[in-house]
Every structure is written in C-alpha cells, then in structure tokens.
Amino acid sequence: MAQRKKKVIDLLFITSCISTWLVLLLIALVSLLLLSGGRISTLIKQEMTVEIILDEKISDKSILAVNNELDTASYCSSHSYISKDAALKEMVLSMGTDPSMFLGYNPFYASISMKMVPEYACSDSLQWISRKLQKMNGVSEVSWQHNLMDMVNRNIRKLAAALLLLAAILSLVSFALINNTIKLTIYSRRFIMYSMKLVGARWSFIRKPFLVRNFWIGFISAGLTIATLWLAICWASEREPWLEMLKSPDIIIPTFSVVMGFGLLITGFCALRSVNRFLRMKASRLHTI
Numbered sequence: 670m671a672q673r674k675k676k677v678i679d680l681l682f683i684t685s686c687i688s689t690w691l692v693l694l695l696i697a698l699v700s701l702l703l704l705s706g707g708r709i710s711t712l713i714k715q716e717m718t719v720e721i722i723l724d725e726k727i728s729d730k731s732i733l734a735v736n737n738e739l740d741t742a743s744y745c746s747s748h749s750y751i752s753k754d755a756a757l758k759e760m761v762l763s764m765g766t767d768p769s770m771f772l773g774y775n776p777f778y779a780s781i782s783m784k785m786v787p788e789y790a791c792s793d794s795l796q797w798i799s800r801k802l803q804k805m806n807g808v809s810e811v812s813w814q815h816n817l818m819d820m821v822n823r824n825i826r827k828l829a830a831a832l833l834l835l836a837a838i839l840s841l842v843s844f845a846l847i848n849n850t851i852k853l854t855i856y857s858r859r860f861i862m863y864s865m866k867l868v869g870a871r872w873s874f875i876r877k878p879f880l881v882r883n884f885w886i887g888f889i890s891a892g893l894t895i896a897t898l899w900l901a902i903c904w905a906s907e908r909e910p911w912l913e914m915l916k917s918p919d920i921i922i923p924t925f926s927v928v929m930g931f932g933l934l935i936t937g938f939c940a941l942r943s944v945n946r947f948l949r950m951k952a953s954r955l956h957t958i
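Each residue of the sequence shown is one higher than the last, beginning at 670 in the working numbering.
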C-alpha cells in the first residue's frame, strides 16, 4: 500500500514538473522575443543600404571627395564604390543578358553603396543626409527605400506592445495552471495536514515539506526550460546564422533569470497559498470539497 502511494505521489510530482515546464517555456519565449526585439531592429537597420548615384562625367577628384566625406561621417558605417562596368556585370549575372548589346552603350551609372549607422536609419535623418550629399559635386541622386524604416519601426512597436500583452496574459494563465496543479497535489494530502494540526504541529512545520517539494518542482521545471531553450537556440542558429545574437549574454542571461525566478516564485507562492487554504478549513469542509 505504501509503495502504491509513493508511486502516486511520484506521478503527481512528474505531472507537476511537466505542466510547469510547458508554462515556463511559453514565458521564456516571450521574454526572449522582448529582449531580442531591439537587437533585431538594429540588425535590420544595419542592413539598410543608401545608394548614392554619381554623375556620368564625375571626376576622380569628386569621387575621392565623396568617399572622404563618407569616411568621416558619423552616419555611415561602411561604403563601397561601384563603377559603371561593375554595375553592368552585376546586372548581367542577375538577368542573364547584357543590356549594352541591345542599347549599344552601358546604361548604368557609377554609384556608392552606403550602410547606415542604426541610430541614423530613420526618415528624418535620411532626408537630412540626402540633402547634404546632393549638394556635393558629382552626386546626381540619393535613393533609399523611403517607407522601409518607418514600417520597420512601426511594426517593432506593435510587436513589442503585442508581446507585453501576451506576457501579461501568459502570466495570469500560468498562475492559474500552476496553482491548480499544485492545489491538486496538496488536495490529496489534506487529511494528513489536518491530522498533524490536531496533534499540535505548527503551521510552519506542516507547510515546510510542501514548500520544499514545490521548490524542487519549480527548480527542475526551470532547469528543463533553460535546457530546452538553449538547445533550440543552438539548433536554430546553426541553420540561421543571424540567430547567433540570441546567445548574447545581455539577452540569454536575463531570459534564464526570468525563467528561474518565475519558476521558483510562482510554485512557492501557489504552494503557500494552497497549504494555508487547507489549514484554515474545518474538518466538515474537508469532506465536502
């Protein structure tokens, strides 16, 4: 009989760990997305390209002047010069045909491809930079995807708001799920708790084994969540190199801390709440719930 009871308790322990692990995994994913949102935005902005189209008859001196300006500019992270011949070769490779054979001349212009510093990758800054560059000798046009950054910034703000709302909802749902799971495990031992109370055991003495047990449930569940998340990040980063940023200490350490802290606090609080609830009940009430 004792062995059968031990098996039931072990099954409840395992069930509690699994259900808590699944809830913590959702919390971990939301935390990871919230913490990495800014980094993703920065990566997108770093990949933004501004094309500086040069005049057809631009002199080497003017090209050097534009390059020197970009070398010292605070808004430029890198830049590369693309000659007319290089632009034609690139188009031939992408299209498979040579337009100069039909037109009789090279229709492309020399240009400079510039990568932006993320802080300047917004509409206001780009318009100011465009006006400044167009005043330089030999610059014909400055072009970029005008709505791209506004759309990116707008979508990131919407995503952050949605994730915060989701995190709040998940916190409530996780509390309800974990609370119910722990309540069921304590419910099966409510009469033992009442018997201990009758023989004069203090509430703190009665609560201790339940709190310790649920501490281990929270610790094991958080550990499983951290291991699962880390393996998932390693697997994903092997297939998508840009996801390596998720391994950054300023992202992964806070995420793991949230998971461990939430796992320990929520299981401990729910256990304390449930134990106190049963300790306050009278014997007649214990038989009817």
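Idealized CB from N, CA, C, for every residue including glycine.
Because the structure is a prediction, the values reported are computed rather than measured.
Assuming residue i and residue j are in contact, meaning their beta carbons sit under 8 Å apart, how far apart are those beta carbons, in whole angstroms?
i	j	result
Asn655	Gly937	Summary: the structure shown does not reach residue 655, with the chain confined to residues 670 through 958, and so no result is reported for it.
Ser862	Leu948	At residue 862 the sequence reads Met, which differs from the Ser that was named. Contact flag correct, Cβ pair sits at about 6 Å.
Ala831	Lys714	In fact, because the Cβ distance is near 21 Å, the residues do not count as touching under 8 Å.
Leu933	Leu880	11 Å between Cβ atoms; not a contact.
Ile812	Ile722	Contrary to the premise, residue 812 reads as Ser rather than Ile in this sequence. Contact flag correct, Cβ pair sits at about 7 Å.
Met612	Leu739	No answer is possible for residue 612: it lies beyond the span of the chain, which begins at 670 and ends at 958.
What residue range is occupied by the uninterrupted beta strand (DSSP E) comprising residue i?
i	result
Ile727	Ile727 -> no beta strand (DSSP E), and no H or E assigned at all.
Lys784	780 to 785
Glu810	808 to 812
Using a threshold of 8 Å, state whether the C-beta atoms of residue i and residue j are closer than that.
i	j	result
Val928	Ile886	no
Glu720	Ser780	yes
Tyr750	Val786	no
Ala734	Asn806	yes
Ser688	Leu846	yes
Ser943	Lys852	yes
Tyr778	Ser728	no
Ile798	Ser710	no
Met865	Ile875	yes
Thr965	Ser705	This structure cannot speak to residue 965, because the chain is shown only from 670 to 958.
Leu701	Thr924	yes
Ala905	Leu912	yes
Residue range of the alpha helix (DSSP H) that residue i falls in?
i	result
Cys745	No alpha helix (DSSP H) holds Cys745; the beta strand (DSSP E) holding it covers 745 to 751.
Arg800	792 to 803
Measuring CA to CA, which of the options is closest to residue i?
i	options	result
Ile935	Ile687, Leu693, Ala697	Leu693
Ile920	Ser688, Ala697, Leu680, Phe682	Ala697
Met820	Cys939, Met717, Ser752	Met717
Val980	Trp813, Met783, Leu839	As displayed, the chain neither begins before 670 nor continues past 958, which places residue 980 out of reach and without an answer.
Leu703	Leu834, Met770, Val881	Leu834
Leu788	Arg708, Lys804, Arg858	According to the sequence provided, residue 788 is Glu. The question's Leu does not apply to it. When each option's Cα is compared against that of Glu788, the closest is Arg708.
Met950	Arg859, Glu913, Gly869, Asn849	Arg859
Ala742	Leu802, Leu893, Ser873	Leu802
Pro776	Lys730, Ser926, Lys827, Asp724	Asp724
Trp872	Leu841, Asn945, Leu900, Glu907	Asn945
Ser926	Cys903, Gly892, Pro910	Gly892
Leu841	Ala870, Leu867, Leu695	Leu695
Ser917	Ile902, Arg823, Lys726	Ile902
Contained alpha helix (DSSP H) runs [length at least 4] in the region 896 to 954, N- to C-terminal order: Correct list: 918 to 949.
Continuous alpha helix (DSSP H) assignments of at least 4 residues falling wholly in the region 862 to 897: Counting whole runs of 4 or more residues, the region 862 to 897 contains no alpha helix (DSSP H) stretch at all.
Those runs of the alpha helix (DSSP H) which lie wholly inside the region 690 to 741 and span at least 4 residues: Counting only runs of 4 or more, we get 729 to 741.
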